[in-house]
Structures are given as C-alpha cells and as structure tokens.
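**Q**
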Amino acid sequence: MSIRWIAFLLIPFFLFAKVYDCFPFFNEVEQLKIRLSELDDVVDVFVLVEATKTFQGKDKELLFEKNKQEFKPFLKKIVHVVVEDMPEGKNHWVRDYHQRNSIMRGLKDAKENDLILIGDVDEIPKNAVIAQIKKTGKMGERYVLGNRYFWGYLNKWAQKIPRFRKWDKTNPEVPEWPGTIVVFFKDLKQHSPEALRGIRKRDPSYKVIWNAGWHFSWQGGVDRIITKVESYAHTEYNNAWKKNPQNIKKSLENKEPFLKDGSDEGLFVPIDDSFPKYIRDNQAYFEELGWIKKID
C-alpha cells in the first residue's frame, strides 16, 4: 500500500461528512439571510421546514416560497420541506413538535457520520464553531451552542435571561441562551429532533460551547411581535396586554418588562466585530429598517 493511501486512511472519516443545518421557518426572512450568509461555506445542506399552519392552528402562507428570489445565491443548498399535515386540535405544542420533527423529511440522504444542526432560525451558530466541530468532533458526541441573546433589536443584548448549566464552572458571567444543538445523524435517527433538542439544557451528555452564536429574538418591531404572540406555542402570551402597541414600544426601550422574568431588558451595544459579518456589512440597511438602535 502506498504512503498516499496510508495517509488517506488515517484521515478521520468525519472530515468527509456533510453538515446539515436544520430549522423550522415562520416569517424570519431577515434572520434567515443572516444565518445563510454566516454558515454558507461550512454547511452543505440547509433543511428549512415551513408549515401551512401556525402553532396556534391558524392558516399561514408559505413565506419562504414567496420570498425565494431573495435567497437565490443559496437555493441550490436549500431543501424546502413544506408541512401540510399539521395536527388538528387545541394542543399548540403538538404542532410545534410536529413541525420540528418534520426536519427528518429533509434528511433522506443523510449518512450516519453526517453532522446535523438543529435549532430555531434565529439561533445562529458561528461559522468557526461549526468548522471546528467538523474537524475535531467524534461520533456519539452531542453539542449545545451558547448564544448571546438579543431581544427586540439586533444590538439590544439581554443580560438577565435564566442561566442554564448553573453547575458548569465555565459558565460565562453574562448568561447565554441554549441555542442550536449539533449531533451526528446516527444519534438523531435513534431519537427525534425535538427529543434531542428538548433535553439540551439539562442533559450533561451535551458538551456546551459558550459564545458560539447569537440568538436574535423578537425582532422586527411592533407588528412582527404581535404576529409572533398570535402564532407561536406560548399561548399564555396571547393576551391584550402583550398585543398593545404602546406596551411593546415601552418594552423595546427597556421601560416595561414584556417577558414575565424580565429577560427582555437589555443593554444597547454598538455593532462591532463580535456580530455576524452580514450584520456588519449591512448595518445601514438594518438601521433604516429599525432593527438596530442607534446609540448616541
């Protein structure tokens, strides 16, 4: 056997694996642009799962399909899974879980040693973190990516969110959001996307990588926030107070807590190198859109 073939066989098999980035999609067009741009050169396939009903059971149009041309550079990598069989009934969480578990419909070609990212579209992993996991990860390992949490504005850094992994001595001073999980397909196919994601906060088998991404949540201003309240699985928030535009505006400016634990309160920070490149390159656009709060 030649030296070349010996060297080839010594290369870890997972270096040849594909990376699948999988997430449910609702209406987060801007966050999707940030995500695709950040991960394009480390992800082989994006599995975007969109349903024809909201988690609260209302009919919804397919917004990715409607805006598809805005994603032309990425379309060859995107598998668009349309979920038309959302469960009926009053249990909103069943619909939430069903849409996430429909990720499996986009993984028909996945191999056991492929890396699978599972998260929400606004939980954006860092490019370098995924590249490192692909390089050094070992079959059977599970990862959860700690995210800096931004609420209401792309640059409103929420620093009072509940801390997960309190026992972890490496836990950063400012609590982070438990975002995307990274697992091997061999592991995933023995469980389900929702099952593996659901235990990420408490299961010690997950290796935590801190400062591994960004969670840009509740973005888009008053109208988008009302739409989210009327659509997502936390129906306890679907009330008159949460849908009052004046209350939302106060919360966006840290003058009134929106979430019951006050975790929406945050610090307005400048856009710097710690943010995704797409946001830095398009800062003026996001400021005009009202997604970045200008700091005097």
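Okay, so the sequence shown: first residue is -3 according to my numbering, each after it adds one. The beta-carbon is built from N, C-alpha and C at its ideal position, and this holds for glycine as well. The structure presented is a predicted model; accordingly, all values stated were derived computationally and were not measured.
#1: I'd like to know if the segment 210 to 229 and the segment 23 to 34 are in contact, where contact means that at least 3 CB-CB pairs between them fall below 8 Å.
#2: Starting from V225 and walking both ways along the alpha helix (DSSP H), at which residues does that stretch end?
#3: Checking 8 Å against the spacing of the C-beta atoms, do F160 and K197 come in under that value?
#4: In whole angstroms, what separates the C-alpha of F9 from that of E108?
#5: If distances are taken between C-alpha atoms only, which option among F70, Y93, E261 comes closest to D81?
#6: Measuring only the C-alpha atoms, how far is D269 from G85?
#7: In chain order, what residues of the same chain have a beta carbon less than 8 Å from the beta carbon of N123, not counting five sequence neighbours either side?
#8: Just grab the DSSP bridge partners of K49 for me.
#9: Confirm, please, whether the CB-CB distance from A47 to Q95 is below 8 Å.
#10: Leaving out the 5 sequence neighbours to the left and right, which residues in its chain are closer than 6 Å to T176 when beta-carbon positions are compared?
#11: For the alpha helix (DSSP H) that contains I275, what are its first and last residues?
**A** So, to answer that:
#1: yes
#2: Start at 1 with the first residue of the sequence shown, and residue 225 comes out as number 229. Its alpha helix (DSSP H) spans residues 218 to 225.
#3: For the purposes of this step, residue 160 is taken as residue 164 along the sequence shown, with counting starting at 1. For the purposes of this step, residue 197 is taken as residue 201 along the sequence shown, with counting starting at 1. In this structure, K197 lies closer than 8 Å to F160 by Cβ.
#4: The residue given as residue 9 occupies position 13 in the sequence shown. The residue given as residue 108 occupies position 112 in the sequence shown. Low confidence applies to F9: its pLDDT is 47, below 50, so where it sits in the model is not reliable enough to give any reading.
#5: Start at 1 with the first residue of the sequence shown, and residue 81 comes out as number 85. Out of F70, Y93, E261, Y93 has the C-alpha closest to the C-alpha of D81.
#6: For the purposes of this step, residue 269 is taken as residue 273 along the sequence shown, with counting starting at 1. For the purposes of this step, residue 85 is taken as residue 89 along the sequence shown, with counting starting at 1. Distance between the alpha carbons of D269 and G85 is about 46 Å.
#7: Position 127 of the sequence shown holds residue 123. Within the same chain, N123 has close Cβ partners E34, L35, D37, V38.
#8: The count along the sequence shown starts at 1 and reaches residue 49 at position 53. DSSP output for K49 lists D55 as bridge partner(s).
#9: Numbered from 1 along the sequence shown, position 99 holds the residue referred to as residue 95. Numbered from 1 along the sequence shown, position 51 holds the residue referred to as residue 47. Cβ atoms of Q95 and A47: closer than 8 Å.
#10: Position 180 of the sequence shown, counted from the first residue, corresponds to residue 176. Hits under 6 Å: L113, G115, E119, P121, L141.
#11: Numbered from 1 along the sequence shown, position 279 holds the residue referred to as residue 275. Taken as a continuous stretch (DSSP letters only), the alpha helix (DSSP H) holding I275 covers 273 to 277.
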